[in-house]
Every structure is written in C-alpha cells, then in structure tokens.
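Below: one structure, written as structure tokens.
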Amino acid sequence: MNLCPAVKNILLLDSEGNRVASKFFTDDWPTNKAKEAFEKAVFTKTQKTNARTEAEITMFEDNIIVYKFVQDLHFFVTGGEDENEMILATVLQGFFDAVAILLRDNVDKREALENLDLILLCIDEIVDGGIILETDASSIASKVSTNSIDSAAPLSEQTLSQALTTAREHLVRSLLQ
Amino acid sequence: MAQPLVKKDDDRDEEADYSPFLGIEKGAVLQEARVFNDPQLDARRCSQVITKLLYLLNQGDSFTKVEATEVFFAVTKLFQSKDNGLRRMVYLIIKDLSPSADEVIIVTSSLMKDMNSRTDMYRANAIRVLCRITDGTLLTQIERYLKQAIVDKNPVVASAALVSGIHLLQTTPEIVKRWSNEVQEAVQSRAALVQFHALALLHQIRQNDRLAVSKLVTSLTKGAVRSPLAQCLLIRYTSQVIRETGVNSQTGDRPFYDYLESCLRHKAEMVIFEAAKAITELSNVTTRELTPAITVLQLLLSSSKPVLRFAAVRTLNKVAMTHPMAVTNCNIDMESLISDQNRSIATLAITTLLKTGNESSVDRLMKQITNFMSDIADEFKIVVVEAIRSLCLKFPLKYRSLMNFLSNILREEGGFEYKKAIVDSVVLLIRDIPDAKESGLLHLCEFIEDCEFTYLSTQILHFLGNEGPKTSDPSKYIRYIYNRVILENATVRASAVSTLAKFGALVDSLKPRIFILLRRCLFDNDDEVRDRATLYLNSLGDGSVAETDKDVKEFLFGSLDIPLTNMETTLRNYAQNPTEEPFDINSVPREVKSLPLVEKKAPGKKPTPLGPPPPAPTSASDAYERLLSSIPEFANFGKLFKSSVPVELTEAETEYAVNVVKHIFDHYVVFQYNCTNTIPEQLLENVTVIVDASEAEEFSEVGVKPLKSLPYDTPAQTFVAFERPEGTPAVGKFSNTLRFTVKEVDTSTGEAEDDGVEDEYQLEDFEVVAADYILKVGVSNFRNAWESMDPDTERIDEYGLGPRESLVEAVNAVISLLGLQPCEGTETVPNNSRSHACLLSGVYIGNAKVLVRLSFGMDSSKEVAMKLAVRSDDVNVSEAIHEIVASG
Numbered sequence: 001m002n003l004c005p006a007v008k009n010i011l012l013l014d015s016e017g018n019r020v021a022s023k024f025f026t027d028d029w030p031t032n033k034a035k036e037a038f039e040k041a042v043f044t045k046t047q048k049t050n051a052r053t054e055a056e057i058t059m060f061e062d063n064i065i066v067y068k069f070v071q072d073l074h075f076f077v078t079g080g081e082d083e084n085e086m087i088l089a090t091v092l093q094g095f096f097d098a099v100a101i102l103l104r105d106n107v108d109k110r111e112a113l114e115n116l117d118l119i120l121l122c123i124d125e126i127v128d129g130g131i132i133l134e135t136d137a138s139s140i141a142s143k144v145s146t147n148s149i150d151s152a153a154p155l156s157e158q159t160l161s162q163a164l165t166t167a168r169e170h171l172v173r174s175l176l177q
Numbered sequence: 001m002a003q004p005l006v007k008k009d010d011d012r013d014e015e016a017d018y019s020p021f022l023g024i025e026k027g028a029v030l031q032e033a034r035v036f037n038d039p040q041l042d043a044r045r046c047s048q049v050i051t052k053l054l055y056l057l058n059q060g061d062s063f064t065k066v067e068a069t070e071v072f073f074a075v076t077k078l079f080q081s082k083d084n085g086l087r088r089m090v091y092l093i094i095k096d097l098s099p100s101a102d103e104v105i106i107v108t109s110s111l112m113k114d115m116n117s118r119t120d121m122y123r124a125n126a127i128r129v130l131c132r133i134t135d136g137t138l139l140t141q142i143e144r145y146l147k148q149a150i151v152d153k154n155p156v157v158a159s160a161a162l163v164s165g166i167h168l169l170q171t172t173p174e175i176v177k178r179w180s181n182e183v184q185e186a187v188q189s190r191a192a193l194v195q196f197h198a199l200a201l202l203h204q205i206r207q208n209d210r211l212a213v214s215k216l217v218t219s220l221t222k223g224a225v226r227s228p229l230a231q232c233l234l235i236r237y238t239s240q241v242i243r244e245t246g247v248n249s250q251t252g253d254r255p256f257y258d259y260l261e262s263c264l265r266h267k268a269e270m271v272i273f274e275a276a277k278a279i280t281e282l283s284n285v286t287t288r289e290l291t292p293a294i295t296v297l298q299l300l301l302s303s304s305k306p307v308l309r310f311a312a313v314r315t316l317n318k319v320a321m322t323h324p325m326a327v328t329n330c331n332i333d334m335e336s337l338i339s340d341q342n343r344s345i346a347t348l349a350i351t352t353l354l355k356t357g358n359e360s361s362v363d364r365l366m367k368q369i370t371n372f373m374s375d376i377a378d379e380f381k382i383v384v385v386e387a388i389r390s391l392c393l394k395f396p397l398k399y400r401s402l403m404n405f406l407s408n409i410l411r412e413e414g415g416f417e418y419k420k421a422i423v424d425s426v427v428l429l430i431r432d433i434p435d436a437k438e439s440g441l442l443h444l445c446e447f448i449e450d451c452e453f454t455y456l457s458t459q460i461l462h463f464l465g466n467e468g469p470k471t472s473d474p475s476k477y478i479r480y481i482y483n484r485v486i487l488e489n490a491t492v493r494a495s496a497v498s499t500l501a502k503f504g505a506l507v508d509s510l511k512p513r514i515f516i517l518l519r520r521c522l523f524d525n526d527d528e529v530r531d532r533a534t535l536y537l538n539s540l541g542d543g544s545v546a547e548t549d550k551d552v553k554e555f556l557f558g559s560l561d562i563p564l565t566n567m568e569t570t571l572r573n574y575a576q577n578p579t580e581e582p583f584d585i586n587s588v589p590r591e592v593k594s595l596p597l598v599e600k601k602a603p604g605k606k607p608t609p610l611g612p613p614p615p616a617p618t619s620a621s622d623a624y625e626r627l628l629s630s631i632p633e634f635a636n637f638g639k640l641f642k643s644s645v646p647v648e649l650t651e652a653e654t655e656y657a658v659n660v661v662k663h664i665f666d667h668y669v670v671f672q673y674n675c676t677n678t679i680p681e682q683l684l685e686n687v688t689v690i691v692d693a694s695e696a697e698e699f700s701e702v703g704v705k706p707l708k709s710l711p712y713d714t715p716a717q718t719f720v721a722f723e724r725p726e727g728t729p730a731v732g733k734f735s736n737t738l739r740f741t742v743k744e745v746d747t748s749t750g751e752a753e754d755d756g757v758e759d760e761y762q763l764e765d766f767e768v769v770a771a772d773y774i775l776k777v778g779v780s781n782f783r784n785a786w787e788s789m790d791p792d793t794e795r796i797d798e799y800g801l802g803p804r805e806s807l808v809e810a811v812n813a814v815i816s817l818l819g820l821q822p823c824e825g826t827e828t829v830p831n832n833s834r835s836h837a838c839l840l841s842g843v844y845i846g847n848a849k850v851l852v853r854l855s856f857g858m859d860s861s862k863e864v865a866m867k868l869a870v871r872s873d874d875v876n877v878s879e880a881i882h883e884i885v886a887s888g
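For the record, the sequence lines run as chains A and B. UniProt numbering numbers the first residue of the first sequence as 1 and each following residue consecutively. UniProt numbering numbers the first residue of the second sequence as 1 and each following residue consecutively.
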C-alpha cells in the first residue's frame with residue numbers, strides 16, 4: 001500500500017475549459033480524449049463557482065479537486081478520494097503563487113501562453129510523477145527562473161528585447177571566435 | 001519561415017483570442033527543429049522551438065515514431081550548449097518524448113556528465129530525467145552516483161534522487177533496496193523536504209517488514225519531524241502500525257494514540273487534519289479517543305477557507321455513519337453550512353445532519369432541504385435521497401413527511417440514476433413500513449404515467465404486481481397498469497401484461513375484467529406481449545370468479561430458485577446440441593459457483609507446489625459426477641448430492657501431496673484422495689489410503705478403489721467409500737494413512753526397478769461436518785422465499801456465542817459452520833457495527849430447502865448473542881439446523 005500523498009493531475013485551463021497546460025500523473029486517463037473529457041467535466045462542474053478569493057473544492061468521480069481562478073485562467077489540482085484535502089490545497093497554492101511570481105502578477109491566458117516554458121517548468125518543479133517535490137511558491141519560482149535565458153532582464157520586457165539580445169549574443173560569439 | 005513566437009504589443013488588443021501558438025502546425029514546427037543541428041546554436045531560438053514542441057505534446061498532438069526519433073536525436077545535439085535555460089528545456093522534452101531503450105543510450109553519457117556537474121540544477125534534473133527514462137541494466141551503472149546524490153548537501157539534488165528512488169522501487173526494487181543506509185541518513189536531513197522524501201522511500205523499502213516500520217515510527221514520533229508533509233506521512237504510518245498491533249488488552253490503551261493526539265495541536269492545518277482523520281478512522285475507536293478529534297474538526301467547520309470546511313464536514317460525515325452521537329455536538333455548526341456557497345459542503349452537511357438528527361428535527365430539516373434541492377446537481381441529490389432513505393428506516397413514524405418529500409422530487413426533472421435512487425427508496429419504504437404502502441404505491445403509479453425510463457417502469461410494474469393485489473382496493477391500480485399496455489414500448493407492455501395477470505390470480509373478483517384486458521393484448525404487435533397474454537389466459541382458468549390454482553400462483557409469484565448463470569450455461573448447451581427432448585429445468589445445477597478467491601500473497605514469493613492446480617471451480621461438480629459414475633463400484637450409489645472443496649492432508653512441499661474431496665450421496669460418502677508424487681526418483685504402486693473411522697461411528701467402510709501406479713508429478717486418485725444411515729447428517733473424524741509400494745526410478749532412463757518396498761506415509765485427519773450435507777443455493781428474493789415457506793416449520797432460538805473479536809468474525813463463523821449461501825449481500829458486516837442481520841439459504845440433504853435468518857448483537861464487553869430463525873420444507877430439518885449450531 002502506498003501511503004505517500006499523491007497528486008493525480010495539475011490542470012491549467014482557460015475560461016472556456018481548453019487546456020493551457022496539463023499534467024496527468026496517473027494512468028487513469030490513458031488517451032488524450034479521456035484527458036480532454038476529464039478536463040471538460042471538471043471545468044463544467046466548477047465553472048459556476050466563485051473560486052477567485054479562496055481556493056474552492058469539490059469531488060468528481062472519486063477525485064478530490066481543489067481549484068482557484070484568476071482572470072481567464074482556471075487552476076486545478078486533483079487527488080484521490082482518500083487524499084488529505086489540505087495537502088492538495090497547499091500544492092494548488094504553491095502552483096498558483098509561483099505562476100503569479102513568474103508572470104509578474106500579470107496572470108492571464110495570454111501571458112501564460114507567452115511564457116508557456118515557465119509554466120511547464122513550474123509544474124515540473126512542483127510534482128514529479130505524482131510525488132510532491134516542492135510547495136513553497138518562492139522556491140518553485142526561483143528554481144524556474146534561475147533557468148531562464150536572461151534572468152537579469154524583467155520577464156515582461158524580455159520578449160520585446162528579444163531581437164536585441166539575439167544580436168548581442170551573436171556579437172559576443174563572433175568576438176570570441 | 002516559421003511564425004515568430006512573439007507578436008507586437010499593439011496587435012494584441014485587436015485580436016481577442018490572441019495566442020502565440022495560433023495557427024501552429026506540427027509539420028512546420030518539426031521543420032523549425034532543424035535549428036538544433038546548426039553549428040552555431042541559438043539558445044533562445046532553440047528554447048522557443050522546444051516550447052512549441054512541448055505545446056504540441058501537451059495539447060495531445062502525437063508524434064509518429066519517426067518524428068519522435070528525429071526530434072529526439074536533434075535535441076541530443078543541444079547538450080553542446082552551455083545555456084542553463086535551454087538545458088532545462090532539453091530535460092523537459094526528453095522526459096516528454098519518452099525515448100525507447102536504444103535511444104536512451106545516446107543521451108546517457110551526456111546526462112551522466114550532468115549528474116556529476118558542479119551546477120546543482122544540472123545534477124538534480126539529470127537524475128530525474130535519467131531515472132525516468134532508464135531501465136534496470138543502465139541503473140546499475142549509475143547506482144553509485146544516485147547513492148551519493150541521496151546524501152548530497154544540496155536538498156534539491158537529494159530530493160531528486162529520493163523521489164526517483166520512489167519511482168524506481170516499482171520497477172527495480174532489488175536495486176533501490178540496497179540504498180537503505182543512504183536513505184536512512186537522509187531521513188535525518190535538516191532540509192524539510194528531503195526528510196519527507198527520504199521517509200517516504202524508507203517506508204516503501206521496508207513496508208513488508210512490520211518490525212522495521214514499527215521501529216521507524218517509534219523513533220520518529222519522539223524526534224523532530226520538520227515539514228508538515230513529513231508529519232502527515234508519519235501520521236499515516238503510525239495509524240498503519242496501530243492497525244496492525246491492536247489495543248493493549250491490559251490497559252485498554254492504544255499505542256501511539258498520544259502521538260496522534262499531540263499532532264492535533266500542531267501549527268500546520270494539514271497536520272491537524274491528518275491527525276484528526278487518522279483518529280476517526282481507528283478501528284473500534286472509543287468516544288473518549290474521538291472527542292479531541294471531533295473538537296478540532298468542529299473548529300475547522302467555521303473556517304473561512306472552503307477547503308477546510310469541506311475536509312472537516314466530509315470526515316464528520318464518515319464518523320456519523322458509525323458514531324452518530326459523537327457528531328451531534330457539531331449540529332449547530334453543521335446547520336449553518338446548509339446554506340454554504342459550496343454545494344459539495346452543503347450536501348455533506350445535510351447528509352451528516354440526516355444521520356445525526358433526532359426525530360423532532362426531521363420536519364425542520366426536510367423544509368431546509370426542499371429549498372436546497374432545486375439548485376444542486378443530480379449526483380448530490382442522489383446522496384441526499386440515500387440519506388433520507390436511511391432516515392426513514394430509523395424513524396418509521398416520520399414516513400409521511402419523508403414520503404411526501406420523495407414523491408415531490410420524483411415529479412421533478414432528473415436523470416436515470418437519480419430517479420432510480422428515489423424509486424428504490426420508495427420501494428424500500430413500502431416494504432418496511434406497512435402504513436406507507438398505499439400512498440407509496442400510488443406515487444409510483446403516478447410516476448410511471450410519465451416515466452421515460454423503461455427499466456424503472458418494468459421494475460415498478462413488477463413490484464406493483466406483487467404488492468398491489470394485497471392492498472385494500474386493488475382495482476384502483478388497474479387503470480395505471482393498463483395505460484402502460486396502450487401507451488408504452490414493447491418491454492413495458494410485456495411487464496404490464498404480467499402484472500395484470502398477477503392481479504387476476506390473486507383478486508378473484510377482478511378476474512373477469514382482467515380477462516377482458518388480457519384478451520385485448522392478444523392483438524398486440526409484439527410477440528412477447530402476445531405470448532405472455534396467451535400464457536396467462538390459459539393458466540388463469542376460464543375467466544370466471546373462482547379461486548386460482550395454487551400451482552398457477554406459484555408459477556406467477558414463485559421466484560426462480562436456480563442461479564441465473566447456471567441456467568444460462570445449461571440453456572446454451574441445450575441450444576448447441578439440438579435434441580428431440582424438451583429442455584428439462586431440473587437439469588440445471590443448483591450449486592452456486594463461488595468466485596475463485598483472489599490470491600492475496602505476492603506472486604513469486606512462494607514457489608508453487610508441484611501438485612496439480614486445484615480443479616477449476618466452474619466445472620468441478622460436473623467433472624466429479626462424471627468421474628464417480630465411471631467407477632463401477634460407485635455407480636449404484638445414486639445421485640451425487642454434494643462434493644466438498646479439496647481439503648489438504650499434507651503440508652505444502654512434502655514428498656507426497658494429498659488432498660481429499662468429500663462426495664456426499666444419499667446413502668454413502670466417498671472420499672476421493674488426489675495424490676501427487678513429487679519425488680522424481682520414485683514410482684509408487686498399489687496406492688491406497690487406510691482410513692481409521694473409529695471416531696466416526698455411524699460410518700462403515702464398504703469399498704476401496706486403489707491406485708495402480710503413481711509416477712512422478714502425475715496426479716491420480718484413489719477412493720474409499722463409506723455407508724451411513726440414509727438421510728442423516730452423520731459427522732465424524734477420519735484419520736488417514738497412505739500405503740503404497742515404492743520403487744526406485746533411474747531418472748536418466750526413466751525406468752523403474754523391479755523390486756519395490758512397502759511403505760506408509762501419515763496423512764492429516766479430516767472431518768465430515770454438518771456443512772457437508774448442505775448445498776449452497778441462493779434465492780433471488782429472500783423475503784418472498786421466506787414468506788412462501790410454511791410458518792409452522794419455523795424454529796427460533798437464541799444462542800450466546802461468547803466474546804468475539806468482532807461481529808464480522810462471528811458472522812463468518814456461523815456461515816461457514818452452516819455451509820449455507822448468504823443472500824442479498826448480507827454476509828458483509830459494516831465496520832464497527834454492533835448488530836447485524838444475515839440471510840442464508842440452501843438445500844439440506846434429502847432435497848429440503850432451508851432458509852435461515854440470523855440476527856447478531858454485540859454488547860460492550862464483546863459478547864455476541866445470536867437469534868436463529870429457520871424455515872424449511874421439513875420441520876426435522878429446521879431442528880437439525882439448530883442442532884448444528886447448538887453443537888458447533
């Protein structure tokens with residue numbers, strides 16, 4: 001018997017229930033179709049609730065689902081029915097806050113997609129194969145952002161300065177040669 | 001040219017549905033992935049392409065084998081880049097591509113280099129990636145590094161290695177188990193999460209060693225556990241240890257309870273809750289132990305966070321099933337939750353209140369629930385309906401308001417599951433509360449007037465046919481039933497016809513009118529409907545007001561006392577082998593085929609003995625009958641009544657494996673000894689079993705069928721037959737000795753020597769018990785079957801069963817003593833319950849049907865008392881059953 005707290009999946013959906021980034025850690029949903037159906041079902045079930053100030057919670061098909069919404073993004077963390085609800089809520093909070101740090105508080109779908117690499121790294125730092133790696137938002141964010149290409153530059157401006165950076169890198173390289 | 005990842009800012013506002021991945025196409029991205037091969041790597045651009053690839057994978061786009069391989073090879077080139085961010089993305093995509101074994105080799109060396117890098121981030125991630133994609137053979141190569149990593153001073157690296165260890169334990173346990181020393185060291189780590197991961201891994205390594213787990217728990221509950229997560233884990237392990245050790249019988253104290261209680265005062269909510277939950281789930285938890293946990297949960301009920309309220313109310317809901325009194329203190333907090341914004345919380349609160357509420361609060365609760373029902377989803381409604389059902393049975397006097405509630409919600413919109421739950425509840429009420437019958441039946445009639453579910457309509461019609469005729473005014477139901485014949489689909493029409501016939505059979509005054517209705521059904525356009533109408537018209541007599549034959553009634557109301565699966569197989573066989581003879585229902589075997597028990601032990605732990613696998617249960621009885629009738633000595637013994645399951649007479653893995661099957665005939669008992677010789681160097685000849693029946697006085701030996709030869713690993717049988725007084729359930733103990741001539745065999749040639757030596761081998765004793773004379777035969781509707789038996793045959797008595805560990809144990813003991821078939825799932829006893837009713841049925845030797853009702857009760861000192869009521873075809877059999885219990 002495995003007693004270790006386990007996360008079944010982490011979902012980040014948009015305001016229409018479409019996937020922005022999702023990770024499934026169990027084989028309960030073997031195909032993409034099953035995954036999408038689950039996401040849709042979870043989305044529909046929680047859509048009408050107000051999970052903007054406090055994380056909300058519900059049960060769906062023997063899964064505990066904790067969730068929180070901001071702007072047009074819906075954050076979900078799910079676990080088995082015997083899981084400690086508060087552990088799942090802690091994971092959700094870690095995910096939610098880490099994303100806020102990484103996106104410099106501009107948390108919406110557009111920003112999330114533009115920085116999808118950060119979001120995916122963020123999920124990767126929170127849970128590994130269902131086992132919780134880290135729940136502290138600032139630790140998660142720092143692990144993710146030390147990896148970013150140019151951590152010195154503010155992330156929101158980074159996209160604009162892309163051309164410049166590329167040019168600079170080229171220059172440096174040609175100088176080194 | 002590929003689409004740039006980023007658009008200009010002013011574009012964004014115009015496009016509402018802007019996405020950097022808009023119009024992304026797999027083919028184009030795969031083209032873009034060629035930049036990975038550039039000699040001058042552009043790290044940023046490569047990262048962007050990887051992000052696009054990951055986006056595609058995450059959206060569920062799948063790459064073909066060729067595409068995946070191509071991408072994977074291209075990605076491996078990126079290890080040349082020194083860019084941290086790019087490396088991170090490379091790790092991510094390698095995990096997502098899940099490369100095949102031969103591809104893994106390509107990146108192994110790069111990853112191993114990273115595993116030993118000075119950059120902590122590289123080490124941690126390389127470990128996770130490598131362990132994810134590697135297989136057992138590679139693992140031995142990197143094992144050394146992993147052991148180092150577990151005790152690495154960087155917590156992220158240590159955690160990565162430990163978590164990877166947890167995953168690897170599933171696939172290659174033998175390697176991970178070698179790391180215990182390092183893991184043990186990591187448990188002492190000052191880093192909170194390292195301790196958590198180390199604890200999880202250490203426990204999994206040792207989970208089969210109870211003593212080690214117990215030691216681990218003992219030492220850690222005293223020491224400092226740093227993270228709340230590790231604390232939660234420790235609480236789970238502690239309750240596991242508590243479950244396995246049980247209560248200290250002298251002091252009545254539970255080991256480690258104090259630790260759990262101290263966790264209730266922890267500063268982290270998740271630990272408090274985990275501890276409270278653990279306490280409520282202790283087996284046979286006492287009120288004194290529960291109280292502190294309930295107090296903590298009660299506080300959580302008024303938390304501002306929905307998650308906390310939900311967790312608390314869900315746990316209290318579970319407690320209310322077993323200890324409703326303990327939860328009543330929370331009722332006021334619970335009532336305020338009925339209006340909670342979160343409907344899941346509200347539903348849980350209501351169902352908890354329904355369980356803990358007292359009679360006076362029912363009306364008030366129902367009012368609150370009625371307002372609430374309209375705005376919750378079906379699944380919640382079902383939960384509420386089920387709670388109300390059990391409430392009805394608890395407070396039968398309140399049936400009026402509850403029935404009203406049910407009929408109201410029955411009229412509202414709802415899906416199948418929901419309606420079914422309501423109908424089931426109404427049916428249950430009608431059955432158990434006689435006063436509720438008439439109103440309940442009318443509610444059901446109204447419901448089928450406008451019911452879209454065929455299944456429910458037929459169920460209700462069937463039920464109406466059984467219950468309707470017994471009411472004060474049966475005629476008022478006819479209209480509803482006949483409406484079905486006019487309005488519904490063929491399945492419902494056919495059921496309605498059967499229901500009409502039942503009214504006709506039981507209510508003589510209605511018979512002429514029923515006949516008119518049935519005759520109209522003869523013109524139905526469906527075969528089944530016409531057939532049924534014809535059948536009933538013919539069997540009910542001539543349509544005059546006269547009493548219906550008893551046989552006809554039995555035909556209409558009697559339940560089919562043959563297991564349906566057996567019926568199905570026999571019919572299928574009959575259809576496959578066409579004969580002139582009509583199908584004989586008596587040819588259907590009545591024995592309930594037990595499901596093969598699932599082997600609980602881990603496979604591979606114990607080598608399977610050489611003996612034959614036990615005969616497959618599905619064909620066992622047929623096979624035995626054929627085997628026995630083929631032996632001339634036993635051919636005149638009559639019909640085989642029952643064959644027992646094989647009883648082992650030797651320990652596993654001994655020289656000779658022997659088990660016995662007891663075949664019971666009316667007059668005789670035949671013991672079939674299944675023998676297996678497990679010694680390759682021996683051949684056994686003239687094998688017999690010498691049976692000493694001195695402790696079985698009523699039996700006298702009548703025949704022996706020896707076994708000519710028993711070569712190595714070829715199972716064969718020898719038989720011994722006994723006569724016993726006809727019809728009586730004679731019992732006794734038999735001791736056995738295997739006697740044979742043993743010959744040496746040359747294993748190289750397989751030839752046996754000519755001379756043999758006489759030898760004996762002591763076997764274990766076995767008994768013929770009362771249960772051997774009872775066939776397990778289930779009935780589909782116990783209540784109907786019970787009522788159709790003659791009440792004069794009923795024998796009731798009470799027995800004290802003495803102190804028992806639990807009710808489950810007492811119930812199982814009685815069931816196995818009697819050897820009867822438990823009906824309607826009544827053999828399962830809910831956890832912690834203090835009383836239980838169990839229904840059993842079977843056939844006693846001499847083909848007497850037996851039904852048994854058992855009521856168990858347990859008092860505070862664990863003394864179990866049992867009331868046993870038996871009905872059977874024969875009073876003597878009823879008495880015999882009591883005798884079995886009295887002497888057992």
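Idealized CB from N, CA, C, for every residue including glycine.
Put simply, the backbone Cα of residue 76 (chain B) is about 14 Å away from that of residue 43 (chain B). Among the residues facing chain B, residue 61 (chain A) is not included, as its CB has no counterpart in that chain under 7 Å away. Take the alpha-carbon of residue 214 (chain B) and the one of residue 883 (chain B): they are about 46 Å apart. In this structure, DSSP gives residue 803 (chain B) an extended state, which the three-state scheme calls strand.
Residue pairing by DSSP places residue 723 (chain B) opposite B:668, B:700 in a beta bridge.
Against chain B, the CB of residue 129 (chain A) has a partner CB under 7 Å away; the residue lies at that interface. Taken through DSSP and simplified to helix, strand or coil, residue 836 (chain B) comes out as strand. In the DSSP assignment, residue 480 (chain B) falls within the alpha helix (DSSP H) that extends over 475 to 487. At least 7 Å separates the CB of residue 145 (chain B) from every CB of chain A. Flagged as an interface residue toward chain B: residue 114 (chain A), by a C-beta distance shorter than 7 Å.
When C-beta atoms of the segment 469 to 489 of chain B are compared with those of the segment 502 to 519 of chain B, three or more pairs fall below 8 Å, so the two segments count as touching.
Exclusion of the five residues before and after residue 363 (chain B) leaves 398, 401 as the residues of its chain whose Cβ lies within less than 8 Å of its Cβ. Residue 719 (chain B) and residue 713 (chain B) have their C-alpha atoms spaced approximately 19 Å apart. One finds 116, 117, 120 in chain A with Cβ atoms closer than 8 Å to the Cβ of residue 51 (chain B), taken in chain order.
Here residue 361 (chain B) is not bridged, per DSSP, to any residue. As the crow flies, the alpha-carbon of residue 58 (chain A) is around 52 Å from that of residue 504 (chain B). Around the beta carbon of residue 84 (chain A), a 10 Å sphere encloses 16 or more other beta carbons of the protein chains shown; the residue is thus reported as buried. For residue 55 (chain B), the nearest beta carbon of chain A is closer than 7 Å to its own beta carbon. Across the set A:131, A:134, A:48, A:26, the C-alpha of A:48 shows the shortest separation from the C-alpha of residue 69 (chain A). Under the criterion of beta carbons closer than 8 Å, residue 55 (chain A) and residue 89 (chain A) qualify as touching, at roughly 5 Å. Taking the CA atoms as reference points, residue 50 (chain B) sits about 21 Å from residue 18 (chain A). For residue 822 (chain B), the secondary structure class from DSSP, reduced to helix, strand or coil, is strand.
The C-beta distance from residue 421 (chain B) to residue 382 (chain B) rounds to 5 Å, short enough to fall under 8 Å. By the neighbour-count criterion, in which a residue is buried when 16 or more other Cβ atoms sit within 10 angstroms of its Cβ, residue 20 (chain B) is buried.
With a contact defined as Cβ atoms closer than 8 Å, residue 41 (chain B) and residue 78 (chain B) qualify at about 7 Å.
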